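Just so we're aligned: the sequence shown equals residues 344 to 467 in the working numbering.
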Amino acid sequence: MSFGTAVSTCLKKYGTFSGRAKRSEFWFFYLFTVLVSGIPAGIGAGLVASGGSGGTSSVGAVIYGIAIVISLAFVIPTLAVGCRRLHDRGQSGWWQLLLLVPCANIVLIIFWAMAGKDGENAYG
């Protein structure tokens with residue numbers, strides 16, 4: 344699956360937690376969210392932290408605020424594609440609760456990185 348196809352598929356399945364997602368779909372969408380929200384957040388935070396003259400801090404705060412809004416818009420599709428990725432492995436989407444536990448979320452990243460199981464499973 345190409346980068347553009349993965350992003351469009353995830354955005355079309357915005358709140359779809361059922362079904363399966365291949366590794367490429369998951370990781371390309373994850374990369375997209377980092378590029379679209381993470382980079383502007385870093386730039387905005389850098390401008391705010393620099394505290395330069397001429398309104399640099401204000402511009403940075405606006406950029407950072409926009410990045411936060413974009414990040415919030417991607418919460419549901421990111422959780423949905425993560426759930427579908429776990430389904431491809433034959434695991435429940437509830438494993439994503441490990442994101443809330445420091446250090447234990449490494450287990451979830453390993454699950455996301457592992458190859459999916461061929462054939463039918465309980466999730467499709």
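Glycine is no exception: its CB is placed at the ideal position from the N, C-alpha and C atoms. As the structure is a computational prediction, the values presented were derived from the model and not from experiment.
Beta-carbon contacts of residue i that lie in its chain and below 8 Å, excluding the five residues immediately before and after
i	result
Gly358	Ile419, Pro420 and Ala423
Met344	Thr352, Lys365, Ser367, Glu368 and Phe371
Other residues of its chain near residue i: CB distance less than 6 Å, five sequence neighbours each side excluded
i	result
Gly433	Lys460 and Asn464
Gly425	Gln439
Phe346	Phe371
Ala388	Tyr407
First through last residue of the alpha helix (DSSP H) which encompasses residue i
i	result
Asn481	Residue 481 is absent from the structure shown; the chain starts at 344 and stops at 467.
Rounded Cβ spacing between residue i and residue j (contact assumed at less than 8 Å)
i	j	result
Gly394	Ser401	At roughly 11 Å, the Cβ-Cβ gap does not stay under 8 Å, so Gly394 and Ser401 are not in contact.
Phe371	Gly436	Phe371 to Gly436, Cβ: 19 Å. No contact.
Gly467	His430	6 Å
Arg428	Gly362	About 10 Å separates the two Cβ atoms, so there is no contact after all.
Close-in-space but distant-in-sequence residues of the same chain around residue i (CB under 7 Å, 5 per side omitted)
i	result
Lys356	Ala423
Val391	Ser400, Gly403, Ala404 and Tyr407
Ala478	The question about residue 478 has no answer, for the chain in this structure spans 344 to 467.
Check your understanding: Quick one: any contact between the stretch 377-390 and the stretch 356-366, if contact means 3 or more CB pairs under 8 Å?
Key -> The answer is no - the stretch 356-366 does not touch the stretch 377-390, with fewer than three Cβ pairs under 8 Å.
**Study point:** Length-filtered (4 minimum) alpha helix (DSSP H) runs lying within the stretch 356-429
**Key:** Here the runs fully enclosed are 366-376, 382-393 and 399-416.
Exercise for review: Check whether the stretch 432-451 touches the stretch 404-417, counting contact only when three or more Cβ pairs, one atom from each stretch, lie closer than 8 Å.
Suggested key: The answer is no - the stretch 404-417 does not touch the stretch 432-451, with fewer than three Cβ pairs under 8 Å.
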